[in-house]
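I have placed the structure first, in the form of structure tokens, so that the comments after it can refer back to it.
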Amino acid sequence: QPLKPWGGRFSEATDAFVERFTASVGFDQRLYHHDISGSIAHATMLARVGVLTETECREIVDGLEAIRGDIEAGTFNWSVSLEDVHMNVEAALTERIGPTGKKLHTGRSRNDQVATDIRLYLRDEIDTVDAELTRLLTGLLDLAEREAGTIMPGFTHLQTAQPVTFGHHLLAWFEMLQRDAGRLADCRKRLNQSPLGAAALAGTTYPIDRAYTAELLGFTAPTENSLDSVSDRDFGVEFCAFAALLMTHLSRASEELVLWASAQFDFIALPDRFCTGSSIMPQKKNPDVPELVRGKTGRVNGHLVSLLTLMKSQPLAYNKDNQEDKEPLFDTIDTVKDCLRAFADMVPAIEANREAMYAAAKRGFATATDLADYLVGRGIPFRDAHDIVGKSVAYGIDQGRDLAEMTLQELQQFCAIIEADVFDVLTLEGSVAARNHIGGTAPSQVREAVGRARRRIAAG
Ligand code: ARG
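If you count the sequence shown from 1, you need to add 39 to reach the numbering used here.
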């Protein structure tokens with residue numbers, strides 16, 4: 040059994056269950072890379088201010104790099120009795136380089152150490168998530184451009200409302216996800232400060248150079264307040280809030296993909312490689328990928344609530360409660376990366392069934408509003424126009440025919456001022472083309488919106 044680094048004032052060994060109960064090494068070992076980078080920066084700073092000699096610093100840095108190599112090679116021996124990643128690495132350092140290893144923790148606490156590690160780790164993961172999100176956004180733009188002129192029914196209340204273009208619908212997803220990317224960038228900005236030097240809670244008596252460690256680790260500045268530095272995990276909450284919103288958006292998109300892939304809608308086909316079959320029903324091709332993304336939204340939303348609840352009653356400064364920040368955060372990162380990867384791979388492979396979308400848009404009186412607008416253009420007040428068209432729709436339901444399928448004489452029964460040019464606005468193409476303004480569904484507007492979106496992405 041390795042001795043506890045904090046064992047001096049204790050007179051009996053830790054209870055075996057308590058040792059396991061309080062240990063985090065089973066899950067926080069994934070912080071090893073950033074823990075070692077943080078320690079190297081700390082040792083480098085200690086040498087610069089004269090607390091360590093250059094030789095001691097060299098030994099420590101070389102030892103830590105060798106330990107990093109061992110961990111990466113899978114030959115490192117993790118010990119539960121050393122509790123967490125920090126004490127495992129520190130104990131291994133002393134074992135490897137001797138007494139100089141014991142000097143690394145000068146002017147530092149695990150409290151500022153772990154706060155630094157999580158920030159460094161999360162910052163890298165944010166960059167990975169951002170790259171996957173950008174890949175998805177780009178895939179959406181490509182598909183939206185390809186389908187800029189594809190007409191489908193637009194829905195409210197899942198009832199046919201007005202015709203839209205499929206490209207326009209995809210650009211709605213794009214907007215939601217690009218706002219998520221903005222939230223992610225905000226989160227990164229705020230977390231990018233260095234807590235190193237806060238030590239346990241009050242700072243330290245050594246002549247440390249916090250700006251230097253901040254710079255070495257790529258932080259924009261040292262944090263302002265030592266108590267806050269070791270105690271808050273608001274950056275983790277912010278990331279989980281970003282993730283919950285992102286997953287909520289992906290879940291809504293998933294729901295639509297699942298509906299559209301059904302025989303009843305038949306708007307899209309997902310390639311076989313993104314689907315699975317049934318062990319009993321030979322005909323089945325199930326949209327498991329979007330279903331799972333929809334399902335995984337639950338755990339990500341749950342992790343956000345876990346972290347908020349974890350923080351809500353903690354007095355300043357550090358409390359062991361904070362050790363519970365890791366699993367929700369790690370699982371959120373893993374889940375979000377997987378879901379983004381699934382979507383970024385799948386979206387470019389979505390095959391639109393343009394004929395089925397068009398046929399669906401022709402059912403359900405999707406151009407009724409266009410007829411009302413036509414009447415308004417001929418001087419009829421909108422409320423009266425609404426009523427006239429409502430009666431025409433009732434007639435159409437009775438006859439089993441859409442507005443565009445009626446004769447001019449039939450339409451004129453409801454309003455004498457209707458003329459032959461009415462059929463221009465009753466077509467699906469006329470309807471979408473008429474919504475020709477920024478944010479509208481006209482194919483030309485969709486193409487322009489794609490162009491603007493591409494420039495936004497390029498601008499970062
Ligand atoms: N494993 C701990 C955590 O994750 C590291 C900090 C522990 N500090 C302490 N004083 N017990 O939060």
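Yeah, the Cβ is synthetic: ideal placement off N, Cα and C, and Gly gets one too.
query	result
Minimum C-alpha distance to Glu444 - residue among Ser431, Gly77, Glu394	Ser431
Three-pair Cβ contact test at 8 Å for the segment 463-483 versus the segment 194-209	yes
Buried/exposed call for Gly46, threshold 16 Cβ in 10 Å	exposed
Pick from Ser50, Ala283, Ala473 that is closest to Leu368, judged by C-alpha positions	Ala283
DSSP-derived helix/strand/coil call for Met445	coil
Range covered by the beta strand (DSSP E) that runs through Thr195	190-195
Whole-angstrom C-beta distance between Leu289 and Phe382, which should lie under 8 Å	6 Å
Residue from Glu186, Pro420, Ser265, Leu285 whose Cα sits closest to the Cα of Arg222	Leu285
Segments of 3+ residues assigned as beta strand (DSSP E) that fall wholly inside the segment 231-306	none
Gln362: CB within 7 Å of a non-hydrogen atom of the ligand ARG	yes
Rounded separation between Pro192 and Thr287 - CA only	23 Å
The ligand ARG heavy atom lying under 7 Å from the CB of His125	yes
Own chain residues within Cβ distance below 6 Å of Thr480, not counting five before or after	Val203, Thr204, His207, Val471, Arg474
Cβ contact (3+ pairs, closer than 8 Å) linking the segment 139-147 and the segment 212-226	no
Exposure label - Ile436; buried when at least 16 CB within 10 Å	exposed
Supposed close pair Ala260, Gln303 - CB separation, criterion 8 Å	That belief does not hold up - the Cβ atoms of Ala260 and Gln303 are roughly 57 Å apart, past 8 Å.
CA-to-CA distance, Leu256 to Gly236, given in whole angstroms	13 Å
Near the ligand ARG: Arg149 beta-carbon under 7 Å from a heavy atom	yes
Three-way DSSP call (helix, strand, coil) for Tyr203 in this model	Note on residue identity: the sequence assigns Val, not Tyr, to residue 203. Val203: strand per DSSP, three-state reduction.
Nearest-angstrom Cα separation, counted from Lys228 out to Arg19	Given a span of 40 to 499 for the chain in the structure shown, any question on residue 19 remains unanswerable.
Residue nearest to Leu132 in terms of C-alpha spacing, selected from Arg87, Thr173, Ser78	Ser78
Cut-off 8 Å between Cβ atoms - residues of its own chain near Val11, not counting five sequence neighbours on either side	Coverage of the chain is limited to positions 40 through 499, which leaves residue 11 absent and any answer about it impossible.
Outcome for Ala238 when other beta-carbon atoms lying within 10 angstroms are tallied against a minimum of 16	buried
For Gln198: DSSP bridge partner residues	Thr195
Heavy atom of the ligand ARG within 7 Å of Ser63 beta-carbon	yes
Whether Ser293 touches Arg333 by CB criterion (8 Å)	yes
The segment 415-427 contacting the segment 381-401, beta-carbon criterion three pairs below 8 Å	no
Residue(s) in a DSSP beta bridge with Asn325	Thr315
Under 8 Å between C-beta atoms of Glu186 and Ala391	yes
heavy atom of the ligand ARG below 7 Å from Val153 C-beta	yes
Cα-Cα separation, Leu70 to Ile372	13 Å
Ala320 versus Asp327: straight-line alpha-carbon distance, rounded	It is worth fixing the name first, because residue 320 is Met in this sequence and not Ala. Their backbone Cα atoms lie some 15 Å apart in a straight line.
Residue nearest to Val100 in terms of C-alpha spacing, selected from Asp123, Ala112, Asn340, Asp74	Asp74
Beta-carbon contacts of Met126 that lie in its chain and below 7 Å, excluding the five residues immediately before and after	Pro44
Pro234 classed as buried or exposed, judged by whether at least 16 other C-beta atoms fall within 10 angstroms	buried
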